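Engineer: Oh and the sequence shown: position 134 is 134 in full-length UniProt numbering, straight run, nothing missing.
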Amino acid sequence: MYYDLDDILADAQKVSCRFNENVPGLGYLEGNPRGDMEAGTKIDLPFWLASVLNLVPANDENTHTFLEIDNPEFVNMKVINAIKTSPTSVDLHRIAAHYYALIIKYCEMYRDEQLVATVMDMLRVRAIEINNFAFNANRQVHNDFLHQLDEWEKSLYKITSLSNKEMRSWQMQ
Numbered sequence: 001m002y003y004d005l006d007d008i009l010a011d012a013q014k015v016s017c018r019f020n021e022n023v024p025g026l027g028y029l030e031g032n033p034r035g036d037m038e039a040g041t042k043i044d045l046p047f048w049l050a051s052v053l054n055l056v057p058a059n060d061e062n063t064h065t066f067l068e069i070d071n072p073e074f075v076n077m078k079v080i081n082a083i084k085t086s087p088t089s090v091d092l093h094r095i096a097a098h099y100y101a102l103i104i105k106y107c108e109m110y111r112d113e114q115l116v117a118t119v120m121d122m123l124r125v126r127a128i129e130i131n132n133f134a135f136n137a138n139r140q141v142h143n144d145f146l147h148q149l150d151e152w153e154k155s156l157y158k159i160t161s162l163s164n165k166e167m168r169s170w171q172m173q
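As structure tokens, this is what we get:
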């Protein structure tokens, strides 16, 4: 079995949740080891746990799940509007170090095609900018954009920079 460290770190991202049901014995999530989790309780949980509890039916009629994930910061309207307005000015690293991995998981869970399209448009614009910086990697570049990349974009930058360097070396031969 293969475990991807970036995937594990993305799953560990905390998201705000609200319990729909009283759940006996889960009080330890709030620091109450012998208590129960009351319906309506808001708590930050790792994405992996919140996504499981968000999918598991809380009753036999399948009318609702144990909890609802509140609108996470990485998909709230403020972030989405910033992405639509100026994709290269959004600090993805501050929002979530593993932004794209989280978006994939979130969109798989909620089947949000509009969000997928918005993020794909952002990726296209940012990939061009990443390539521009990688092409000029030999020069001293001071730009906040490179500090705003999420972990996947940083690996893309490194790969692109190395590829451009090897291409120049090959052309010189």
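We treat Cβ as the ideally placed atom computed from N, Cα and C, and that holds for glycine.
Computed from a predicted structure; not experimentally measured.
When the distance is taken between beta carbons, is K154 closer than 9 Å to A10?
Structural biologist: no
Engineer: Determine, using beta-carbon pairs with one atom in the region 77-89 and one in the region 44-61, whether at least three such pairs fall under 8 Å.
Structural biologist: no
Engineer: Alpha carbon to alpha carbon, how far is F133 from L102? Give it in angstroms, no decimals.
Structural biologist: One C-alpha to the other measures close to 25 Å.
Engineer: For V79, which residues in the same chain have their Cβ closer than 8 Å to its Cβ, ignoring the five residues on either side in sequence?
Structural biologist: E73, V90, I95
Engineer: If you reduce the DSSP assignment to three classes, tell me which class P72 lands in.
Structural biologist: coil
Engineer: Give the DSSP bridge partners of F135, in chain order.
Structural biologist: Looking at the DSSP assignment, F135 forms no beta bridge with any residue, so it has no partner.
Engineer: Give me the DSSP bridge partner(s) of C17.
Structural biologist: I43, I69
Engineer: What whole-angstrom Cβ distance do E61 and I43 have, given they're in contact under 8 Å?
Structural biologist: Actually they are not in contact, since the Cβ atoms of E61 and I43 sit about 25 Å apart, beyond 8 Å.
Engineer: Give the secondary structure of V23 by DSSP, where H, G and I count as helix, E and B as strand, and everything else as coil.
Structural biologist: strand
Engineer: Pick helix, strand or coil for P33, following the three-state DSSP scheme.
Structural biologist: coil
Engineer: Using DSSP's beta-bridge definition, name the partner residues of P57.
Structural biologist: Answer is T65, bridged to P57.
Engineer: Quick check: what's the CA-CA separation for A130 versus L149?
Structural biologist: The residue you asked about is not Ala; residue 130 is Ile in the sequence shown. For I130 and L149, the distance between alpha carbons rounds to 9 Å.
Engineer: By the three-class DSSP mapping on this structure, what secondary structure does L149 have?
Structural biologist: coil
Engineer: Under the assumption that R18 contacts L67 (Cβ atoms under 8 Å), give the Cβ distance between them as a whole number of angstroms.
Structural biologist: 6 Å
Engineer: Using three-state DSSP, classify S89 as helix, strand or coil.
Structural biologist: helix
Engineer: Find the nearest neighbour of Y157 within the set L5, L123, A12, judged by alpha-carbon distance.
Structural biologist: L123
Engineer: Less than 9 Å separating the beta-carbons of V75 and D112?
Structural biologist: Cβ atoms of V75 and D112: closer than 9 Å.
Engineer: Is V125 buried or exposed, if buried means 16 or more other CB atoms sit within 10 Å of its CB?
Structural biologist: exposed
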